[in-house]
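Visitor:
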Amino acid sequence: MGKEDKNKKATSWSGHLLNLGLVAVLFYAVSMPGGPLRTRLTVWWAQARLPVLVEEHWQALAATSARMDTVDASTAMIIEFGDYECPFCRDSHAHLEAVLESHPNATIAFRHYPLTAIHPKAEAAARAAICAEEQGRFPQLHSLLFESTEWRDTGDWKTLAEKVGVDDLVSYEDCLQGEAAGRRLEEEMRLGDALGVTATPTFFYQFGGHVGYATEDQLVELIELSR
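Just so you know, the sequence shown maps onto residues 10 to 236 in the working numbering.
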């Protein structure tokens, strides 16, 4: 083998090794848990599947009593799956409240999807909201959970209930430990799983949805698309 052939062969092997290295780096970037590329791909895939999943589950999805609005309607235009410890849910909540002020006929509901692996108080907070809902104080406690943070340290659900006007505190505290609240939470988690929820917040309307933090303009767009 001549010197020129040897050089060509060495160059060829170098090119193959470089390509293999690039493939390895790309594979690592895609498969790395929590990596930015994998996160983007996960969100993209979830967004692409939403219309089909929403059509399949819309009747169950939109019929929820955990409503932020005061409109007399049987179903909601927008349904959020959220977690009370989620910072993106907290930021989106302020925009939801602004939308309710600017669009008084909008119907917006909430489904509980606590990410317990990373948010240790989220499940208990969801139970607190469910039990407040039983006494007609869901919107008030729902907002308080997003607008305050001390409950994460204290877990003092009774004081929160008192602040929002829950009258029967004995029944409320029984509810916190009861099986009914747990069943309700499990049902909402199963529905979220069936809809492909992997992150909070995820917003649904009748023909699709939006994954992740939402601005006021984006929420208004979802309302318009749902009409």
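Where is the CB? At the ideal position from N, CA and C, for every residue including glycine.
Note that the structure is predicted; figures quoted are calculated from it, not measured.
Less than 8 Å between the beta carbons of P60 and G217, yes or no?
Guide: Cβ atoms of P60 and G217: closer than 8 Å.
Visitor: Helix, strand or coil for R236? Go by DSSP, reduced to three states.
Guide: coil
Visitor: Cα separation between D165 and C184?
Guide: 14 Å
Visitor: Checking 8 Å against the spacing of the C-beta atoms, do L109 and D81 come in under that value?
Guide: no
Visitor: Compute the Euclidean distance between the alpha carbons of Y181 and C140, then round it to the nearest angstrom.
Guide: 6 Å
Visitor: To the nearest angstrom, how far is it from the Cα of A126 to the Cα of M198?
Guide: 14 Å
Visitor: Going by other Cβ atoms of all chains shown within 10 Å of its Cβ, with 16 needed for buried, is G201 buried or exposed?
Guide: With 16 or more Cβ atoms within 10 Å of its Cβ, G201 is classed as buried.
Visitor: Look at the alpha carbon of V179 and the alpha carbon of A203, and state the distance between them as a whole number of angstroms.
Guide: 35 Å
Visitor: Ends of the beta strand (DSSP E) at F97?
Guide: First-last for F97: P96 to S111, but that is the alpha helix (DSSP H), not the beta strand (DSSP E).
Visitor: Check whether the Cβ atoms of E225 and A107 sit closer than 8 Å, and answer yes or no.
Guide: yes
Visitor: Alpha carbon to alpha carbon, how far is L105 from E94?
Guide: 17 Å
Visitor: By alpha-carbon positions, which one of I87, R193, H219 and A133 ends up nearest to L154?
Guide: A133
Visitor: DSSP three-state call for H121: helix, strand or coil?
Guide: In the three-state reduction of the DSSP assignment, H121 falls in the strand class, which pools E and B.
Visitor: With respect to the beta strand (DSSP E) encompassing T209, which residues constitute its N-terminal and C-terminal limits?
Guide: First-last for T209: undefined, no H or E at that position.
Visitor: Within a Cβ cutoff of 7 Å, which residues of the same chain sit near S74, ignoring the five residues on either side of it in sequence?
Guide: E142
Visitor: Under a three-way DSSP split, which group does H147 fall into?
Guide: Note that residue 147 is Phe in the sequence shown, not His. Here F147 sits in helix by DSSP.
Visitor: Might you give, ordered along the chain, the residues of its own chain that have their beta carbon closer than 7 Å to the beta carbon of F119, omitting 5 neighbours on each side?
Guide: For F119, where only same-chain residues beyond five positions count, the Cβ hits under 7 Å are A75, M77, E89, G91 and H151.
Visitor: Please check the pair A138 and F147, which I expect to be a contact at CB under 8 Å, by giving their CB distance rounded to whole angstroms.
Guide: 6 Å
Visitor: L234 and Y214 look like a contact to me (Cβ under 8 Å); what is the Cβ gap, rounded to whole Å?
Guide: For a cut-off of 8 Å, the C-beta gap from L234 to Y214 is around 6 Å, short enough to register as a contact.
Visitor: Given a threshold of 16 other Cβ atoms within 10 Å of its Cβ, counted over all protein chains shown, does P210 qualify as buried or as exposed?
Guide: buried
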